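For what it's worth, my numbering labels the leading residue of the sequence shown as 1, then goes sequentially.
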Amino acid sequence: MSDRLAVLPQYLLPKQALTALAGCFASARLGGVTTWAIRRFIERYGVNMAEAANPDPAAYPSFNEFFTRALKPGARPLAPGAELICPVDGAISQFGAVAGDQVFQAKGHAYSTTALVGGDAQLAARFQDGHFATLYLSPRDYHRIHMPCDGRLLRMIHVPGDLFSVNPTTARGVPGLFARNERVVCVFENAQGPWVLVLVGATIVGSMATTWHGVVNPPRPGHLRDWIYVSPQDASRRPPPEGVSSAWGGPAPTIVDQDIRLKQGDEMGRFLLGSTVVMLFPKRDLAFSQSWQPGGAIRLGEFMAGPAATAPDRT
């Protein structure tokens with residue numbers, strides 16, 4: 001059966017309703033029922049609880065608290081000297097060069113950087129012919145997301161969208177998947193320039209959260225929401241970008257007076273149930289690990305990318 005036929009039922013399912021229902025169950029504290037569900041999940045997906053900060057399934061009052069469990073200190077050391085580290089546990093979906101403004105999704109499928117970031121062509125233009133990496137987090141994986149490098153937060157955009165599954169079959173069968181699903185776009189900058197980390201939602205993914213904002217969704221108001229982060233010394237950035245929220249019929253951006261700076265390896269967000277992370281970096285001398293290949297397993301803290309002349313064959 002072709003991938004297109006395999007994903008056809010997803011077009012018919014009430015994905016929003018299913019996701020809302022799953023979110024209610026995952027946040028409920030049901031005592032023994034919750035513990036039973038957690039134990040069945042661990043068995044079904046082979047979750048490695050030995051590396052969890054608290055390995056006892058009964059210690060988690062809700063499924064969400066189990067799913068966003070912390071790891072033991074030192075469980076994911078950072079690769080020394082890496083310009084970019086892997087920000088998650090999971091698997092490589094795709095990575096490489098952005099072709100003009102097109103990001104490769106799967107054979108026969110690509111999407112534009114403008115669509116990915118919610119319609120802001122000016123922001124997307126900064127990643128013309130740049131680099132991207134798409135990483136898939138399965139249900140068994142650790143679901144906190146960490147910083148691949150240092151970054152100062154400039155902006156966060158919640159983009160409404162579909163809630164297709166994001167597994168490899170769906171990536172091959174749904175055109176523009178990662179630019180049509182609901183997502184949270186986080187825009188950072190550092191000494192190497194701007195970069196973007198996108199949290200992509202999916203069926204049953206009840207919510208996405210960041211460390212500076214908390215839970216971003218729900219609510220799901222049906223229009224784009226945009227936050228611009230400025231420090232008291234950064235008045236030049238206070239005027240909102242033109243035509244971004246208005247293009248979606250949403251309100252003007254919210255200006256947040258916070259100077260948020262995160263270091264490489266710091267936690268920046270988390271998923272409730274599995275999903276996907278997409279990163280964009282500008283055009284520059286950058287090479288991904290020679291050991292990387294689509295479908296390959298990855299772990300938080302491993303070497304991801306660095307200057308081509310110095311990028312070692314290591315993970």
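The beta carbon of each residue, even a glycine, is placed where N, CA and C say it ideally should be.
Bear in mind that the values here come from a model prediction, so they are computed numbers and not experimental data.
Under the three-state DSSP convention, the category residue i falls into
i: Q293; result: coil
i: R44; result: helix
i: T71; result: A quick correction: the sequence has Leu, not Thr, at residue 71. Residue state, collapsed to three classes: strand.
i: A59; result: helix
i: V33; result: helix
i: L84; result: strand
i: G90; result: strand
i: P168; result: helix
i: I38; result: helix
i: G193; result: strand
i: E267; result: strand
i: G371; result: This structure leaves residue 371 out entirely; the chain is present only between 1 and 315.
i: A287; result: strand
i: I298; result: strand
i: A79; result: coil
i: A28; result: coil
Residue closest to residue i, alpha-carbon to alpha-carbon, out of the options
i: C186; options: T113, V196, F178; result: V196
i: M268; options: K107, Y142, A209; result: A209
i: P147; options: P282, V47, F303; result: Looking at the sequence shown, residue 147 is not Pro but Met. The option with the nearest alpha carbon to M147 is F303.
i: F67; options: P57, F127, A297; result: P57
i: A297; options: F104, A124, T134; result: T134
i: V184; options: G193, Q94, R220; result: R220
i: N167; options: G118, Q105, G151; result: Q105
i: A37; options: N48, R172, F63, F188; result: F63
i: K107; options: A75, A171, L224; result: A171
i: M156; options: F178, N217, A99; result: N217
i: E189; options: S93, L280, R299; result: L280
Identity of the residues DSSP links to residue i by a beta bridge
i: S112; result: Q102
i: F95; result: A133
i: A52; result: L71
i: I255; result: I228
i: I260; result: Answer is none; I260 lacks a bridge partner.
i: V278; result: T134, V198
i: C186; result: M156, L197
i: A305; result: L84, F288
i: N181; result: D162
i: L272; result: S207
Between the CA atoms of residue j and residue i - distance to the nearest angstrom
i: M1; j: T169; result: Low per-residue confidence applies at M1: pLDDT is 47, beneath 50, and the placement is therefore not dependable enough to give any value.
i: D129; j: T35; result: 48 Å
i: A287; j: P294; result: 15 Å
i: G160; j: L153; result: For clarity, residue 160 is Pro in the given sequence; the question names Gly instead. So the two alpha carbons sit approximately 21 Å from each other.
i: A28; j: V215; result: 16 Å
i: Y111; j: G176; result: 5 Å
i: F41; j: R284; result: 43 Å
i: S245; j: Q122; result: A caution first: S245 carries a pLDDT of 44, below 50, which makes its placement in the model too unreliable to give a value.
i: A50; j: D101; result: 43 Å
i: D120; j: V174; result: 23 Å
i: R347; j: N54; result: Past the edges of the chain, shown from 1 to 315, lies residue 347, and the structure says nothing about it.
i: R69; j: H158; result: 24 Å
i: V88; j: P139; result: 13 Å
i: A191; j: D226; result: 24 Å
i: R314; j: A308; result: Its pLDDT being 45, under 50, R314 is placed unreliably in this model, and the value from its coordinates should be taken loosely. If you take the alpha carbons of R314 and A308, they lie about 13 Å apart.
i: T114; j: A124; result: 5 Å
i: F95; j: Y45; result: 26 Å
i: W248; j: L116; result: Any reading at W248 needs caution, since the residue's pLDDT is 47, under 50, leaving its predicted position unreliable; the model's value is listed next. C-alpha separation (whole angstroms): 14 Å.
i: A79; j: R270; result: 21 Å
i: A305; j: H131; result: 10 Å
i: P14; j: L199; result: For P14, the predicted model reports a pLDDT of 48, less than 50, meaning its position is unreliable; a value from the coordinates is still stated below. Computed Cα separation, rounded: 22 Å.
i: W278; j: V33; result: It is worth fixing the name first, because residue 278 is Val in this sequence and not Trp. Spanning the two alpha carbons is a distance of roughly 35 Å.
i: V230; j: C24; result: 34 Å
i: P253; j: R144; result: 27 Å
i: I92; j: Y136; result: 6 Å
Check: residue i C-beta below 7 Å from any heavy atom of the ligand MN
i: F67; result: Inclusion of the ligand MN in the displayed structure is not the case, the ligand content being empty and no account of it being possible.
Proximity test, Cβ basis, 8 Å: residue i and chain B
i: P61; result: Absent from the structure: chain B. Only one protein chain is present.
- [ ] Output the residue ranges of the alpha helix (DSSP H) runs that lie fully inside the region 113 to 158 and measure 4 residues or longer, sorted by chain position.
- [x] DSSP runs (the alpha helix (DSSP H)) wholly in the region 113 to 158: 113 to 116, 121 to 125.
- [ ] Run through the region 205 to 237 for me and flag every whole beta strand (DSSP E) of 3 or more residues, listed as ranges in chain order.
- [x] If we require 3 residues or more, the beta strand (DSSP E) runs fully inside the region 205 to 237 come out as 207 to 210, 214 to 217, 225 to 230.
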